[in-house]
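Protein chains: 2
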Amino acid sequence: MKSLAILGPGLLGGSLALAARRAGGYRVALWARRSEAVAEIAAMGIADDVSTELRAVVAGADVVVLCVPVGAMPALAREIADVLSPATIVTDVGSVKVPIVAELAEIFRGRARFVGSHPMAGSEQTGIRAARAELFDDATCIVTPDAASDPAAVAELHAFWQGLGGRVIDATPAEHDEVVALISHLPHLVAAALVQTVLAENPRAFEFSGPGFRDTTRVAAGPPAMWAEILGTNRDAVRRSAEAMIEKLRGILTLLDRETPMTEFLTEAKTQRDRLRPLK
Amino acid sequence: MKSLAILGPGLLGGSLALAARRAGGYRVALWARRSEAVAEIAAMGIADDVSTELRAVVAGADVVVLCVPVGAMPALAREIADVLSPATIVTDVGSVKVPIVAELAEIFRGRARFVGSHPMAGSEQTGIRAARAELFDDATCIVTPDAASDPAAVAELHAFWQGLGGRVIDATPAEHDEVVALISHLPHLVAAALVQTVLAENPRAFEFSGPGFRDTTRVAAGPPAMWAEILGTNRDAVRRSAEAMIEKLRGILTLLDRETPMTEFLTEAKTQRDRLRPLK
Chain A
0 MKSLAILGPG LLGGSLALAA RRAGGYRVAL WARRSEAVAE IAAMGIADDV
50 STELRAVVAG ADVVVLCVPV GAMPALAREI ADVLSPATIV TDVGSVKVPI
100 VAELAEIFRG RARFVGSHPM AGSEQTGIRA ARAELFDDAT CIVTPDAASD
150 PAAVAELHAF WQGLGGRVID ATPAEHDEVV ALISHLPHLV AAALVQTVLA
200 ENPRAFEFSG PGFRDTTRVA AGPPAMWAEI LGTNRDAVRR SAEAMIEKLR
250 GILTLLDRET PMTEFLTEAK TQRDRLRPLK
Chain B
0 MKSLAILGPG LLGGSLALAA RRAGGYRVAL WARRSEAVAE IAAMGIADDV
50 STELRAVVAG ADVVVLCVPV GAMPALAREI ADVLSPATIV TDVGSVKVPI
100 VAELAEIFRG RARFVGSHPM AGSEQTGIRA ARAELFDDAT CIVTPDAASD
150 PAAVAELHAF WQGLGGRVID ATPAEHDEVV ALISHLPHLV AAALVQTVLA
200 ENPRAFEFSG PGFRDTTRVA AGPPAMWAEI LGTNRDAVRR SAEAMIEKLR
250 GILTLLDRET PMTEFLTEAK TQRDRLRPLK
């Protein structure tokens with residue numbers, strides 16, 4: 000039986016607890032900051048222990064997963080670092096990696112084995128009520144070792160995510176931030192911009208909309224404060240990707256009068272989109 | 000028993016046939032241009048009659064629905080106009096209305112009662128194999144009468160779409176084209192641009208993507224030639240909406256360094272997105 004400590008009772012933390020229970024082989028402890036949350040989660044029965052006592056939750060843990068917003072991670076890490084054993088694997092689920100991995104690796108140096116993670120398994124829903132054991136099934140889990148990472152810890156972390164149903168890809172923190180700006184942060188900005196553009200141009204437009212508009216804008220329903228923090232933390236890569244998007248849109252506008260080149264452009268986009276791994 | 004003639008055996012035509020059968024009260028005839036398509040559709044058993052004989056299919060019909068690409072509609076309309084009775088209701092499912100409604104209304108003047116329609120019920124899938132009776136359930140069906148439309152025909156067309164499960168909204172052809180540029184044509188351009196931007200910036204990016212990217216880009220998998228025609232036909236409204244989108248994106252980029260205004264922007268977008276009518 001391994002001991003798994005999950006810090007933060009949101010959608011990801013709660014789903015991790017459920018997925019670990021489903022996988023079996025874990026004793027799961029969940030930390031929440033607020034005592035009201037503890038009472039609610041205890042009543043849901045999704046973890047073996049639920050507590051506001053941070054150091055008690057992580058004491059003796061084999062694996063610790065930080066599931067709080069990226070801005071809250073360093074303070075939390077400092078509170079737990081001296082309770083951990085050097086064998087403990089610590090990871091996080093933050094959506095930005097360069098600043099977080101550098102800061103957390105420094106805090107845990109010599110005290111635990113830290114390697115960053117980012118499961119691409121969020122949702123526009125939030126909170127532990129939306130948690131589900133299947134959240135990581137077939138989800139891409141990006142693991143972000145750097146030069147100082149312990150290879151054995153990286154291998155154990157791979158096995159951890161795979162055991163919860165995930166599909167692991169390694170990337171350096173810098174590679175991660177660049178690629179996630181493209182596939183996650185830019186789509187969020189675009190979806191929010193699309194919602195606001197449409198309403199600014201025609202306040203009645205939503206009454207006419209169908210499933211295409213719904214899907215294209217779904218991610219814009221995600222938690223605003225969390226996303227503002229992510230976008231700000233990864234601002235350079237987000238800015239580059241958004242500027243590339245603007246240039247691409249400007250280019251496409253020149254094709255509106257030319258049906259054959261427009262068909263070719265849309266055919267290429269469709270061919271590429273059809274390459275996306277199908278969901279199971 | 001009403002006689003319904005569906006011209007064009009694609010996703011929409013096939014789904015109309017299935018929905019009309021499910022609703023009951025219709026004898027359904029389906030026209031396809033190619034004899035191989037006729038054989039395939041006859042074997043599927045989704046219509047009472049399937050034929051390449053256009054004039055025979057529409058003869059005596061109470062309702063005729065044009066389900067071919069917008070560019071093919073005028074020629075088709077000219078072929079059938081003199082077979083119809085003045086009581087026949089003719090509509091279409093085209094995604095652009097100003098040019099089509101003007102041209103078709105002129106062709107059918109005095110020969111049948113034409114009123115345009117646009118059910119917001121497509122999909123990135125195409126072809127009769129993807130057809131399903133439920134396609135119009137709770138779908139917004141935009142009906143586009145103009146000053147010359149027969150009010151009784153408009154009322155009957157409302158009842159027709161409602162009977163197939165749809166939710167009807169009226170708009171003038173001009174209102175339709177402006178609003179659909181925003182909620183359908185712009186999202187298509189944006190999704191295709193997003194796919195191509197991401198791959199141009201990082202050819203490996205798709206390996207990392209999750210459900211958010213999948214949903215945001217879904218519509219880009221739609222049929223390219225059909226979409227190039229739609230975008231070109233509605234080019235002025237599409238251009239205006241895309242330019243508004245570019246301006247909005249530029250504005251958001253100025254918020255990347257300012258977490259509070261960015262949170263406010265994303266909160267407003269989320270609040271608006273949450274207003275979208277839930278799917279049943």
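These protein sequence lines are chains A and B, in that order. Just so it is clear: in the first sequence, position 50 is 49 by numbering that gives the first Met the number 0, and no numbers are missing. Just so it is clear: in the second sequence, position 223 is 222 by numbering that gives the first Met the number 0, and no numbers are missing. For each residue, glycine too, the CB sits at the ideal point set by N, CA and C.
is_contact[residue i, chain A] using C-beta, thresh 8 Å
i                      : result
residue 177 of chain B : yes
residue 160 of chain B : no
residue 199 of chain B : yes
residue 195 of chain B : yes
residue 26 of chain B  : no
residue 238 of chain B : yes
residue 40 of chain B  : no
residue 256 of chain B : yes
residue 192 of chain B : yes
residue 206 of chain B : yes
residue 183 of chain B : yes
residue 69 of chain B  : no
residue 129 of chain B : no
residue 241 of chain B : yes
residue 90 of chain B  : no
residue 51 of chain B  : no
Min CB distance residue i to chain B below 8 Å
i                      : result
residue 271 of chain A : yes
residue 169 of chain A : no
residue 60 of chain A  : no
residue 17 of chain A  : no
residue 186 of chain A : yes
residue 74 of chain A  : no
residue 268 of chain A : yes
residue 97 of chain A  : no
residue 189 of chain A : yes
residue 262 of chain A : yes
Residue from the options with nearest C-alpha to residue i
i                      : options                       : result
residue 75 of chain A  : A:270, A:61, A:91 and A:9     : A:91
residue 186 of chain A : A:245, A:111, A:18 and A:210  : A:245
residue 172 of chain B : B:144, B:201 and B:243        : B:144
residue 239 of chain A : A:191, A:178 and A:208        : A:178
residue 164 of chain B : B:21, B:7 and B:6             : B:21
residue 26 of chain A  : A:7, A:46, A:14 and A:39      : A:46
residue 139 of chain A : A:94, A:111 and A:129         : A:94
residue 147 of chain A : A:103, A:202 and A:28         : A:103
residue 207 of chain A : B:175, B:190 and B:87         : B:175
residue 53 of chain B  : B:39, B:70, B:17 and B:8      : B:8
residue 127 of chain B : B:275, B:37, B:261 and B:243  : B:37
residue 199 of chain A : B:67, B:243, B:44 and B:28    : B:243
residue 181 of chain B : B:142, B:234 and B:1          : B:234
residue 225 of chain B : A:264, A:56 and A:2           : A:264
residue 191 of chain B : B:204, B:201, B:223 and B:80  : B:223
residue 86 of chain A  : A:58, A:118 and A:197         : A:58
residue 35 of chain B  : B:250, B:152 and B:49         : B:49
residue 184 of chain A : B:193, B:236, B:184 and B:188 : B:193
residue 16 of chain B  : B:162, B:100 and B:114        : B:162
Coil, strand or helix - residue i by DSSP
i                      : result
residue 95 of chain B  : coil
residue 169 of chain B : strand
residue 138 of chain A : coil
residue 88 of chain A  : strand
residue 177 of chain A : helix
residue 211 of chain A : helix
residue 23 of chain A  : coil
residue 45 of chain A  : coil
residue 222 of chain A : coil
residue 199 of chain A : helix
residue 124 of chain B : coil
residue 277 of chain B : coil
residue 156 of chain B : helix
Strand pairing of residue i, partner residues [DSSP]
i                      : result
residue 4 of chain B   : B:28 and B:63
residue 50 of chain B  : B:30
residue 115 of chain A : A:143
Distance cut-off 7 Å: residue i Cβ against heavy atoms of the ligand MN
i                      : result
residue 191 of chain A : The ligand MN is absent from the structure shown, which contains no ligands of any kind.
Note to self: Please identify, using Cβ separations under 9 Å, the residues of the stretch 243 to 254 of chain A that lie next to chain B, in order along the chain.
What the structure shows: Answer set for the stretch 243 to 254 of chain A: 243, 244, 245, 246, 247, 248, 249, 250, 251, 252 and 254.
Checklist line | chain A contacts from the stretch 209 to 220 of chain B (Cβ-Cβ distance under 8 Å) | finding: 209, 210, 211, 212, 213, 214, 215, 216, 217, 218, 219 and 220
Item checked: Proximal residues, the stretch 132 to 154 of chain B versus chain A, C-beta separation under 9 Å -> So the list reads 138, 139 and 141, given in the order they occur along the chain.
Next item on the list: Compile a chain-ordered list of the residues in the stretch 100 to 120 of chain B whose CB is closer than 7 Å to at least one CB of chain A.
Entry: Of all residues in the stretch 100 to 120 of chain B, 119 and 120 have a Cβ within less than 7 Å of some Cβ in chain A.
Next item on the list: Report the residues of the stretch 223 to 235 of chain B with a CB closer than 8 Å to any CB of chain A, ordered along the chain.
Entry: With the criterion set as a beta carbon lying under 8 Å from some beta carbon of chain A, the members of the stretch 223 to 235 of chain B are 223, 224, 226, 227, 228, 230, 231 and 234, in sequence order.
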